[in-house]
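Undergrad: Plus 65 on top of the position in the sequence shown (first one is 1) and you've got the numbering used here.
Here a beta-carbon is modelled for each residue, glycine too, at the ideal position from N, C-alpha and C.
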Amino acid sequence: MPAFYKELVYKTKLKLVGGMLSKPQSKPMVFIGAGSSNELCKTIAQFGIRKLLVVTDGPLRELGILDDALATLAGAGVRATVFDGVLPDPTAQLVNEGLGVLRKEGCDSVLAIGGGSSIDCAKVIALAAANDCSAEDCIGANKCKLPTVPFFAIPTTAGTGSEGTCIAVISDNETHDKGGVIDNSMIPKATALDPVLMRGLPPHITAATGMDALTHAIESYIGTIGNAETDFYGLASAKLVFQQLPEACRNGDNLEARQAMALASYYGGLAITQALVGYVHAISHNLGARYGMPHGLGNAMVLPHVLDLLKTDAAKKMAEIAVHVGIGEVGETDQNLANKLVERVWALNREIGIPGTTDLVKEDDLDELVAASLAEGSGYPTPRYFEEDECKSVLKQIKA
Ligand SMILES: NC(=O)c1ccc[n+]([C@@H]2O[C@H](COP(=O)([O-])OP(=O)(O)OC[C@H]3O[C@@H](n4cnc5c(N)ncnc54)[C@H](O)[C@@H]3O)[C@@H](O)[C@H]2O)c1
Ligand SMILES: [Fe+2]
Numbered sequence: 066m067p068a069f070y071k072e073l074v075y076k077t078k079l080k081l082v083g084g085m086l087s088k089p090q091s092k093p094m095v096f097i098g099a100g101s102s103n104e105l106c107k108t109i110a111q112f113g114i115r116k117l118l119v120v121t122d123g124p125l126r127e128l129g130i131l132d133d134a135l136a137t138l139a140g141a142g143v144r145a146t147v148f149d150g151v152l153p154d155p156t157a158q159l160v161n162e163g164l165g166v167l168r169k170e171g172c173d174s175v176l177a178i179g180g181g182s183s184i185d186c187a188k189v190i191a192l193a194a195a196n197d198c199s200a201e202d203c204i205g206a207n208k209c210k211l212p213t214v215p216f217f218a219i220p221t222t223a224g225t226g227s228e229g230t231c232i233a234v235i236s237d238n239e240t241h242d243k244g245g246v247i248d249n250s251m252i253p254k255a256t257a258l259d260p261v262l263m264r265g266l267p268p269h270i271t272a273a274t275g276m277d278a279l280t281h282a283i284e285s286y287i288g289t290i291g292n293a294e295t296d297f298y299g300l301a302s303a304k305l306v307f308q309q310l311p312e313a314c315r316n317g318d319n320l321e322a323r324q325a326m327a328l329a330s331y332y333g334g335l336a337i338t339q340a341l342v343g344y345v346h347a348i349s350h351n352l353g354a355r356y357g358m359p360h361g362l363g364n365a366m367v368l369p370h371v372l373d374l375l376k377t378d379a380a381k382k383m384a385e386i387a388v389h390v391g392i393g394e395v396g397e398t399d400q401n402l403a404n405k406l407v408e409r410v411w412a413l414n415r416e417i418g419i420p421g422t423t424d425l426v427k428e429d430d431l432d433e434l435v436a437a438s439l440a441e442g443s444g445y446p447t448p449r450y451f452e453e454d455e456c457k458s459v460l461k462q463i464k465a
């Protein structure tokens, strides 16, 4: 595709995306600290909610992660029905299953307890319930007339930041291609960043989800539609991840590290809900759709390669991140600082056990993966566009 045409397609798409996100966005009421999830549950009762659908996944329920919250809700007079059918990267069909439970039980509000998959599934259940429609009807930007039924979220992973975004990622029933629902009303009314619920998160999921947070921080910051507020959250998030992610992986019981990562994730969400993401997500979404690769792992593996390609065009912004997180000094050249940031991301990946390559990626799939990633990337406010061979080089480098 000629460069000028690509530029035109990009600008048109970006205008559309910018338009979708341009309204002022609310923020959730935030409860922070050990036990804050119970405080949120008490507040849900004080809001007058009586028939709540709790959306989660099976393993979390079996681990007992919901027990305290359910007991608190029951004690406060809230009847909670649990839908625990969420699977990673939820499909529209799965959302409809949860919606069926909400309707059958007459629930009028939704609480997500889980990772990004549970929160995204719950967001769309809450939106479709209010609009008396199906999940498929919600896919796209601002497709629904009415705001969600009252919706709350308690994250149990620290990475997606979905508790702070107006976005839900929903996969196609057949192709598993990732699509988006964008609706400002899906930003939860309240959320709890409770490190206690994250203690049992295994090191490899802590690592991968934590790198999702770092990717949000960096992609929102180096992108072209950020503002002073998203820059603030992006920098704060990146610093917390570099400081605390290794400790959260090494010692999952360290509540200080878990709390820092929960905040990093939330701040990353506040950044991308306005400033969006970039090629790391475009490529990682397609690795997830084709191979079921976990979102955070895909981001972690792709991030240093994409930064390496962008380190000249985004040198100034990458240099600012490097200085803020303490890996360089003001006065060094931007290029030097940008190089240091790439090296630091590599070092973090190694420290937390992110593999450099994967045997999931197949040579025969490369052309389709490149086309799909470039198409998705053209809708993001990335510092510049990739050529096909650049995108392919990223995939080749992570291919075992
Ligand atoms: N809406 C957004 O703004 C946004 C942003 C980024 C990513 N996403 C989406 O979020 C999804 C990924 O979410 P995720 O990375 O949080 O993973 P996830 O929700 O799919 O959970 C991953 C695994 O971790 C387990 N788990 C979760 N919390 C646990 C805990 N405390 N202890 C033990 N096990 C636990 C789950 O049972 C699951 O098996 C993807 O679909 C991605 O596209 C959404
Ligand atoms: Fe992400």
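Using the three-state DSSP reduction, which class does R323 fall into: helix, strand or coil?
TA: The count along the sequence shown starts at 1 and reaches residue 323 at position 258. In the structure shown, R323 sits in a helix (DSSP, three-state: H, G or I).
Undergrad: Taking the alpha-carbon positions, what's the S285 to I337 distance?
TA: What you label residue 285 is simply residue 220 of the sequence shown in a count that begins at 1. What you label residue 337 is simply residue 272 of the sequence shown in a count that begins at 1. Rounded to whole angstroms, S285 to I337 spans 6 Å at the Cα level.
Undergrad: Taking the alpha helix (DSSP H) that D122 falls in, what are its first and last residues?
TA: Numbered from its first residue, the sequence shown carries residue 122 at position 57. Per DSSP, D122 belongs to no alpha helix (DSSP H); it is in the beta strand (DSSP E), K116 to D122.
Undergrad: To the nearest angstrom, how far is the alpha carbon of A403 from that of L413?
TA: One-based indexing of the sequence shown puts residue 403 at position 338. One-based indexing of the sequence shown puts residue 413 at position 348. Approximately 15 Å, taken between the alpha carbons.
Undergrad: Could you spell out where the alpha helix (DSSP H) holding I386 opens and where it closes?
TA: For this step, residue 386 is matched to residue 321 along the sequence shown. Taken as a continuous stretch (DSSP letters only), the alpha helix (DSSP H) holding I386 covers A380 to H389.
Undergrad: Quick one: Cα of R264 to Cα of E452, how far?
TA: Position 199 of the sequence shown, counting from 1, holds the residue named residue 264. Position 387 of the sequence shown, counting from 1, holds the residue named residue 452. Their Cα atoms are separated by approximately 42 Å.
Undergrad: Starting from G150, follow its DSSP beta bridges and name the residues at the other end.
TA: What you label residue 150 is simply residue 85 of the sequence shown in a count that begins at 1. Answer is D122, bridged to G150.
Undergrad: Given 8 Å as the limit, tell me if K405 has its C-beta closer than that to any heavy atom belonging to ligand 1.
TA: To locate residue 405, count along the sequence shown from 1; it is residue 340. K405: no, Cβ never under 8 Å from ligand 1.
Undergrad: So is E321 buried or exposed if we call it buried at 16+ other beta carbons inside 10 Å?
TA: As a working note, residue 321 is residue 256 in the sequence shown. Classification of E321: exposed, given that the 10 Å Cβ count is below 16.
Undergrad: Quick check on the DSSP output: what are the complete beta strand (DSSP E) runs of length 3 or more inside the segment 301 to 380, in order along the chain?
TA: For the segment 301 to 380, not a single whole beta strand (DSSP E) run of length 3 or above is found.
Undergrad: Distance check for P448 and V95, CA to CA, integer angstroms please.
TA: The residue labelled residue 95 in the question sits at position 30 within the sequence shown. The residue labelled residue 448 in the question sits at position 383 within the sequence shown. One C-alpha to the other measures close to 32 Å.
Undergrad: Should the segment 222 to 229 be called in touch with the segment 332 to 349, which here means at least 3 C-beta pairs below 8 Å?
TA: yes
Undergrad: Near G343, what residues of its chain come up, given a Cβ to Cβ distance below 6 Å and the 5 sequence neighbours on each side ignored?
TA: Here residue 343 corresponds to residue number 278 of the sequence shown, with the count starting at 1. The answer, listed in chain order, is E284, G288, Y445 and T447.
Undergrad: What separation, rounded to the nearest whole angstrom, lies between the Cα atoms of T156 and D185?
TA: Indexing the sequence shown from 1 puts residue 156 at position 91. Indexing the sequence shown from 1 puts residue 185 at position 120. Each residue's CA atom was taken as its position, placing T156 and D185 some 10 Å apart.
Undergrad: For F112, is the classification buried or exposed, using 16 other Cβ atoms within 10 angstroms of its Cβ as the cut-off for buried?
TA: As a working note, residue 112 is residue 47 in the sequence shown. When all chains shown are included, F112 counts as exposed.
Undergrad: Short of 8 Å in beta carbon distance, which residues of its chain neighbour D373, apart from the five on each side in sequence? Order them along the chain.
TA: As a working mapping, residue 373 is identified with position 308 in the sequence shown. Result list for D373: V407, in chain order.
Undergrad: Out of curiosity, what's the CA-to-CA distance linking L431 and L152?
TA: As a position in the sequence shown, residue 431 is number 366, starting the count at 1. As a position in the sequence shown, residue 152 is number 87, starting the count at 1. Their backbone Cα atoms lie some 27 Å apart in a straight line.
Undergrad: For Y450, which three-state DSSP category applies?
TA: The residue given as residue 450 occupies position 385 in the sequence shown. Y450 falls in the coil class under three-state DSSP.
Undergrad: T213: buried (16+ other C-beta within 10 angstroms of its C-beta) or exposed?
TA: Start at 1 with the first residue of the sequence shown, and residue 213 comes out as number 148. Looking at its Cβ environment, which holds 16 or more other Cβ atoms inside 10 Å, T213 is buried.
Undergrad: Hey, would you say F148 sits closer than 9 Å to I190, going by beta carbons?
TA: Reading the sequence shown from its first residue, position 83 is the one you call residue 148. Reading the sequence shown from its first residue, position 125 is the one you call residue 190. Contact: yes.
Undergrad: Does the separation of the CB atoms of M511 and N364 fall below 9 Å?
TA: Nothing in the structure corresponds to residue 511, since the chain is present only between 66 and 465.
Undergrad: For the alpha helix (DSSP H) that contains I290, what are its first and last residues?
TA: Here residue 290 is taken as the residue at index 225 of the sequence shown, counted from 1. Here I290 belongs to no alpha helix (DSSP H), and DSSP marks it neither H nor E.
Undergrad: Is H346 near ligand 2, in the sense that its beta carbon is under 8 Å from a heavy atom of that ligand?
TA: Residue numbering aside, residue 346 sits at position 281 when the sequence shown is read from its first letter. Yes, ligand 2 has a heavy atom inside 8 Å of this Cβ.
Undergrad: Assuming S236 is part of the beta strand (DSSP E), what are its boundary residues?
TA: The residue you call residue 236 lines up with position 171 of the sequence shown. S236 -> beta strand (DSSP E) spans I232 to S236.
Undergrad: Would you say the beta carbon of D154 comes nearer than 8 Å to a heavy atom of ligand 2?
TA: On the sequence shown, residue 154 is found 89 positions in, with the first residue counted as 1. Not one heavy atom of ligand 2 lies closer than 8 Å to the C-beta of D154.
Undergrad: In whole angstroms, what separates the C-alpha of G179 from that of I130?
TA: To locate residue 179, count along the sequence shown from 1; it is residue 114. To locate residue 130, count along the sequence shown from 1; it is residue 65. In this model, G179 and I130 are separated by some 9 Å (Cα to Cα).
Undergrad: Identify whether G205 lies in helix, strand or coil by the three-state DSSP scheme.
TA: In the sequence shown, residue 205 corresponds to position 140, counting from 1. G205 falls in the strand class under three-state DSSP.
Undergrad: Do three or more CB pairs link the segment 203 to 219 to the segment 249 to 262 at distances below 8 Å?
TA: yes
Undergrad: Reducing DSSP to helix, strand and coil, say where L258 ends up.
TA: Stepping through the sequence shown from its first residue, residue 258 is reached at position 193. Looking at L258 - three-state DSSP - the assignment turns out to be strand.
Undergrad: Could you have a look at A223 and say whether DSSP puts it in helix, strand or coil?
TA: Counting from 1 along the sequence shown, the entry for residue 223 is found at position 158. Looking at A223 - three-state DSSP - the assignment turns out to be coil, as it is neither helix nor strand.
Undergrad: If contact is defined by three or more beta carbon pairs under 8 Å, each pair taking one atom from either stretch, is the segment 377 to 395 in contact with the segment 416 to 424?
TA: Taking a cut-off of 8 Å for Cβ pairs, the segment 416 to 424 and the segment 377 to 395 do not touch, as fewer than three such pairs fall below it.
Undergrad: Kindly list the residues whose CB is nearer than 7 Å to the CB of K457, restricted to its own chain and excluding five residues on each side of it in sequence; keep chain order.
TA: Stepping through the sequence shown from its first residue, residue 457 is reached at position 392. Only L431 and V435 meet the Cβ criterion.
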